[in-house]
Every structure is written in structure tokens, then in C-alpha cells.
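To keep things clear, I will list the structure first and then write my remarks on it.
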Amino acid sequence: MKGVKIITMQSLILTYFMRVFAIIAHVFRRSRIYKLLNAIYAAFSHAWANSVIVGIFTADNNKNEFEKQSAVYKILNLPFAFFTLLRDHAGGWLGRQIEKSYAVHIGRSALHNMMAINTRFFGIMMLGVIISYTACKFALSDKGVGVITLTACIAAVVLCLFNVNVMGALDTSFIARFVQKALGFDVHFDFFKRSYTQGAARLVLAAIIGLGMGALAMVSPILALALPCGIFGLTVVLYYPAAGVFFAVFAAPFVPTMALAGLCLLTLGSLVIKSITTPYFKWKFDGMGMGILGLLILFLISSLTSFAPAKSVQVWFMYAVFMCFYFVIINTVRTKKQLHGLLKLFVIAGALVSVYGFMQYIFGWTTNNLWIDETMFETDAMRVYSTLENPNVLGEYLLLVLPVAAVFMCKYKLRELPKWIYGLFTALLLGCLILTQSRGCWLGLALSAAVFVTFTNGRWWALAPIVLAILPFALPPSIINRLLSIGNMADTSTSYRVFIWFGTIAMLRDFWLGGIGMGEAAFNSVYPFYSYSAIAAPHSHNLYLQLISESGICALALFIAVMIVFLRKMTIVHRRGENTSFNSMMSTAIISGLLGFLLQSMFDYTFYNYRVMAMFFMFLAMGMALKYITDADERKAV
């Protein structure tokens, strides 16, 4: 009864605020100020829509056939053509061998029992852990059996008595309904095959896994847990490459770089196997893909001719793994449901990163002052970095996520719960971006917001004077001081970057054509001879200068060309629908996020953190997946 009263009270409060906002909006729309601002917006909108710039980006000429006839396309398409050749000549045989493989059957048995959370399977596995662990302790003359071990043994026996699939029971539970209602996910928990959760063979497998875990537990509990997690991750990604894509997009801001690289490689290998064994599988490869592979070739040449070739090749390998994941996403995410789910997972991961950032700020978990000039900002030493080790890096990641979250907030109606959930996520992302105190990211946010508002509903510009009038009173003095310090050479952070730029430009006078090689080792082999004021630096603190210094002017030109091609494709998606349609709004969000990121890249080397570089190419891939899915929907409608 008390819970009903609380819910009723919350509903009344929500209804009250909704009515207040509706009244304010109604009064504002009838005002002369709104009519004047709307007329100004309409004039600018008409002029922009008919401008030469828009014409360049929205001309929907089909150049695919021209690209496919070019020699460059045929050369860069060779890996995909080779996989297609294997599919045509050996795909059927290889598929049959895989299906008959006993190792595949064992892997699937473990996978489906783990996905089902089968009580008997986990009970036997727990008994295996206890037996192995206790036996190892006895072998080491440690004969004590603790209360925890006895309790775990009893729990394992109880689990063995029942053969229940917990996930199947959850399919119609309150949890499933809540996730569906709150986050807009079409969630079903019966994604396992019940035939694999029957029989005795799977229990032998569970016992073997448990015995292995028990032995590993003597070394480290983390290693013991890593065994079943590794088996699960390996089998689910090999069985379903799209799962690897979802894991990678969600895990990118949380896991170590090498773990993310391993996951990306595993998913790529799984997709290659699928492309060979699946009849009529067709790789997607176009101008964007040509540009990305072209960049990788330039990076490889510069690495092989580097001042530190061994280190540069290692850096190139990381670039290759994460840039090639672009092809994994566009060739795996093929339906609207998959794309929407992936984008929502992208936002949820960002919200969790932001929550941790807020916790750092509230509980003072970060006290490192390396990123701020204490002589100018004595009281502003707190900058959050969450799971990404650096405030600027965190801000760069949030610039990509924030516009996507805003689209999901706008997608739902005011009375729908997901609107408020994604509204909360958007607020968390925005608040955490502010707490990074990254001035370059704030400028990127301003550009991103301007683009998003202009192309989704430009009439919101009518509120700009009100927002600008309120901001000085709403923002804390620390934020205002940071904003006013932009361009102030008295700030060591600003002067540090400017002197590094001067030194890098001086270096490029001699190495602009081919660069000096990829990575920090190559940069530090040459840059100190050109540095200003003896300032040491691991990189140029500017993505565009870094591209030239590492791989020459051609790398920068090709990177800019790839960005223009991508922006053009996203603009075409935007123009095909109404401004308020999901596809149009999402393409605008991707454009605005990309432009904000590219602006921040003028003040920092945004690819220095490999995980952010990986998320950047994942972001591009999700945008291109949107383009492919939009094209497919249009073909079906014709």
C-alpha cells in the first residue's frame, strides 16, 4: 500500500511538471520574440538548404560502380575476394567439417548450459571446483576445510538436485518486462537451445571445467574465474560474431587495451569463418573501406621506414586490429533491431562510465593534479577521468556517446519511461563531460550541440538567448574560470601545447612528405632536436599534426577525404527522412559527435589512447551500418 502511494505521488509530481512546461512552451510560442526568431531561422534554413556546401554533401550520385571498376578498388578488395573464393570452392566442405566436429559440439554444450544458467550444470561445476581445490590443499599438507567450503558444497548439492534453466524462467519475469519498458530493448532470455541442457555428457564437461577451476584457484581466484568466462566468451563469439561486436562496443571503455584487441581479433576471425561457410555471404566494401585500408597501408610503409621500426610496427598492429573492426561491424550489423540494440548498449556503457566519473568527483577518488595549472586554478584540482585514465580522453569518448543518447531521449514520448531513462543518461553524460574540465572537449560539445540543434529542430535556437543569460548564474565559478582561460598563454597547459605545436611544425619542415614513423618511440627519436624551450612530449597534441609527422602529408589528406566521404553519406541519410525521424536524427547525432571529436582533435592527439581510437572507428562503423540499413529499407519500399 505504501509503495502504491509513493508511485501515485511520483506520478502527480511528474504530471505537474509536465503541465508547467507545457504552459511555458505555449506562452513562448505565442510571443513576438518566438515569431521573430522563427522567421530568422526560416530565412537562414532556406539559404543553407540551397547553398553550394549542402549541394556537395547531399548529391546522391551512385559512384559505387565507378569505384568497383577502379584498379585501387580491385587491389584493396583482394582479401575479401579471397574469402569469397574460399567460400565458393571449399565453404561447403569446411562448414560440414565444423558441424561434425566434436570440439564444436562440446563448445556449444558449454555455451548453451552457461547461457541458460542450468542449475545442474553449475552445481556439478561447483562440486568439481571444491573437490579439486580441496585435493590440492591436502596435497600441500593443508588439511583444513573451512566453513565457506562446506557451505559451497551444500549449495552445489542443492543445485544438482534440480535441472532448471534460470534464464528461461526470467523470460516472462518482472526483470525482462522492466528492461523492455525502461530501455526500449526487445529482450528475450530464452536464447539458448534446451536440447543442450539435457543428458549426461554435459555434466562430464561441467565436472572437467570445475576441476580445472579448482586447480587454478590455488594460484589465483581470478584465473579460476577466467576459465569459464574464457570458454563462454570464446564459444559465443565463434558461434555468433554479432555477440563479439556487442561485447566489444560495451566493453571498450572498461577493459584493458590488449583484452579489447584480443576480443576484436577473435570476432574478426569468427566473421571470416562465417563468411567462408555461409552460402551467398557478401562482404560490404566501398569508398569508406578503401580509405581505411589505404590509411593502413600508408601507416605500414611509415612504420617499416621508421626511426624506431620495431616499436612502430607494434603500434601499426594495434591500429590494424581496431581499424579493421570497422569491417566487422558493417558486415555483422545488418538489421535495424541489431543496430538499435548496439547503439543503446553504446549509450548504456557511456552512462556507466559517467556514473563512475561522478563517484570519483563526489568521493574524491581522484586527487591527481597532473592535468591542471594549480597556480591559476588553486581550488579546481579535481578533474575526473573515470575508467579512461585521463580527463581529456574521457571527454573525447563522451563527445561520441552524448549525441546518440540525446536521440534516444528525443525518440520516445514524454509519458514513456524510456524518455526519462535516456534523459537521465544524457544528463549523466553531459555532467561527466563538464567534470572532465577539458576545455577542448567543451568547445567540441558546443559545436556538436550547435549542429545537432540546427539540423533536428532549429527552432530551439530561440532559447539560446535565455540559456546564455542563465549560464553565468548556473555554472560554478570553477567552470567559468576554465572557460575564460581558453587561449590564455599564462596557463601552462595552453603554453605547453603551443610550444609543442611549434616544435612539431619545425620538424615537419624536414619530414612532411613521408613522416618519421608511428608511435611515441619514433616521435621521441626526432622531436627533441626541434623542441621549443626543451619541452619533452610523447606526441604533438594534435591529431592532424601527428598524422603528418608519423606518415606524411598523404596520410592527412586521405584521413580528411575519409571524413568528408563519411559526412557526405550521413548527410544523405539525414536528407532522406524528416528531421524528426529516427534515422535522420541518428545520422545528425553521428555527424555532430564526429565534428565535436574532430574539433577536440585540434587540441589533442585523440588516437593516442588505443581504446578511444577503437571506439572512433566503431562509431564510424555504426554510422555506416545505419546508411546500409536505410538503403535496404528504401529498396524494400520501392
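Reading the sequence shown from the start, the letters are residues 496 to 1133 in the numbering used here. Just so you know, even glycine gets a beta-carbon here, dropped at the ideal spot from N, CA and C.
Span separating the alpha-carbon of L1094 from that of T730
Taking the sequence shown and counting its residues from 1, the one referred to as residue 1094 is at position 599. Taking the sequence shown and counting its residues from 1, the one referred to as residue 730 is at position 235. Their Cα atoms are separated by approximately 41 Å.
CB M818 to CB Y1105, shorter than 7 Å?
Position 323 of the sequence shown, counted from the first residue, corresponds to residue 818. Position 610 of the sequence shown, counted from the first residue, corresponds to residue 1105. No; because the gap between Cβ atoms is not below 7 Å, this pair is not in contact.
Which class does N658 belong to by DSSP, given the choice of helix, strand or coil?
Taking the first residue of the sequence shown as 1, we reach residue 658 at position 163. DSSP places N658 in coil when its eight states are reduced to three.
May I ask you to list the residues that DSSP assigns as paired with N613?
Taking the sequence shown and counting its residues from 1, one reaches residue 613 at position 118. DSSP, once it has assigned bridges, lists N660 as partnering N613.
Reference L656, options I1059, G1010, F616 and W811, closest by Cα:
What you label residue 656 is simply residue 161 of the sequence shown in a count that begins at 1. Among I1059, G1010, F616 and W811, the Cα nearest to that of L656 is on F616.
With a cut-off of 8 Å on the beta carbons, I'd call A1050 and A803 a contact; round off their distance for me.
The sequence position of residue 1050 within the sequence shown is 555, counting from 1. The sequence position of residue 803 within the sequence shown is 308, counting from 1. Not quite, the Cβ-Cβ distance comes to about 18 Å (not below 8 Å), so this is no contact.
Find the nearest neighbour of L622 within the set P1033, F749 and I649, judged by alpha-carbon distance.
In the sequence shown, counting from the first residue as 1, residue 622 sits at position 127. It is I649.
For P898, the nearest candidate out of R878, T951 and Q855 (CA to CA)
As a working note, residue 898 is residue 403 in the sequence shown. Nearest of R878, T951 and Q855 to P898, Cα basis: T951.
By Cβ distance, which residues of its chain are closer than 7 Å to I771, with the 5 residues on each side in sequence left out?
Position 276 of the sequence shown, counted from the start, is the residue given in the question as residue 771. The answer, listed in chain order, is F578, L581, R582, G586 and L589.
In whole angstroms, what separates the C-alpha of S1082 from that of T1066?
Residue 1082 sits at position 587 when you count from the first residue of the sequence shown. Residue 1066 sits at position 571 when you count from the first residue of the sequence shown. Taking the straight line joining both Cα atoms gives about 7 Å.
Residues in the same chain with beta-carbon distance under 7 Å from K914, minus the five sequence neighbours each way, listed in chain order, please.
Translated into positions along the sequence shown, residue 914 becomes position 419. For K914, same chain residues with a beta-carbon under 7 Å away, outside a window of 5 residues either side, are M904, Y907 and K908 in chain order.
Cα-Cα separation between Y1039 and L791, rounded to whole angstroms
If you number the sequence shown from 1, residue 1039 lands on position 544. If you number the sequence shown from 1, residue 791 lands on position 296. In this model, Y1039 and L791 are separated by some 16 Å (Cα to Cα).
In whole angstroms, give me the CA-to-CA distance for A449 and M662.
Look at the range of the chain in this structure, 496 to 1133, and you will see that residue 449 is not part of it.
By Cβ distance, which residues of its chain are closer than 8 Å to A747, with the 5 residues on each side in sequence left out?
On the sequence shown, position 252 is the one that residue 747 refers to. Contacts found: L755, A844, R1106, A1109, M1110 and M1113.
Segments of 4+ residues assigned as alpha helix (DSSP H) that fall wholly inside the segment 741 to 778
752 to 772
Taking three-plus beta-carbon pairs below 8 Å as touching, is the segment 1018 to 1037 in contact with the segment 984 to 1000?
Flag = yes, the segment 1018 to 1037 and the segment 984 to 1000 touch.
Would you identify the three-state DSSP class for I1124, choosing helix, strand or coil?
Against the sequence shown, residue 1124 aligns to sequence position 629. DSSP places I1124 in helix when its eight states are reduced to three.
Among I1124, A1120 and F1006, which one has its Cα closest to the Cα of G784?
Reading the sequence shown from its first residue, position 289 is the one you call residue 784. Of the candidates I1124, A1120 and F1006, the one whose C-alpha sits nearest the C-alpha of G784 is A1120.
Give the list of continuous alpha helix (DSSP H) stretches no shorter than 4 residues that lie fully inside the segment 827 to 864.
831 to 858
Among the residues of its own chain, which have a CB less than 7 Å from the CB of D1128, if the five just before and after it don't count?
For the purposes of this step, residue 1128 is taken as the residue at position 633 of the sequence shown. Excluding the 5 residues flanking it on each side, D1128 has no same chain C-beta neighbour closer than 7 Å.
From N1019 to L1042, what does the alpha carbon distance come to, in whole angstroms?
Residue 1019 sits at position 524 when you count from the first residue of the sequence shown. Residue 1042 sits at position 547 when you count from the first residue of the sequence shown. Those two C-alpha atoms are separated by around 15 Å.
With 16 as the cutoff for other CB atoms within 10 Å, does P716 come out buried or exposed?
Position 221 of the sequence shown, counted from the first residue, corresponds to residue 716. Under this definition P716 is an exposed residue.
Buried versus exposed, by CB contacts within 10 Å (16 or more), P736:
Numbered from its first residue, the sequence shown carries residue 736 at position 241. Classification of P736: buried, given that the 10 Å Cβ count is 16 or more.
Touch test, the segment 627 to 635 against the segment 703 to 710, Cβ-Cβ under 8 Å, three pairs minimum
yes
If we ignore side chains and look at the alpha-carbon of each, how far apart do A1116 and Y1123 end up?
Reading the sequence shown from its first residue, position 621 is the one you call residue 1116. Reading the sequence shown from its first residue, position 628 is the one you call residue 1123. When rounded, the distance between both Cα atoms is 10 Å.
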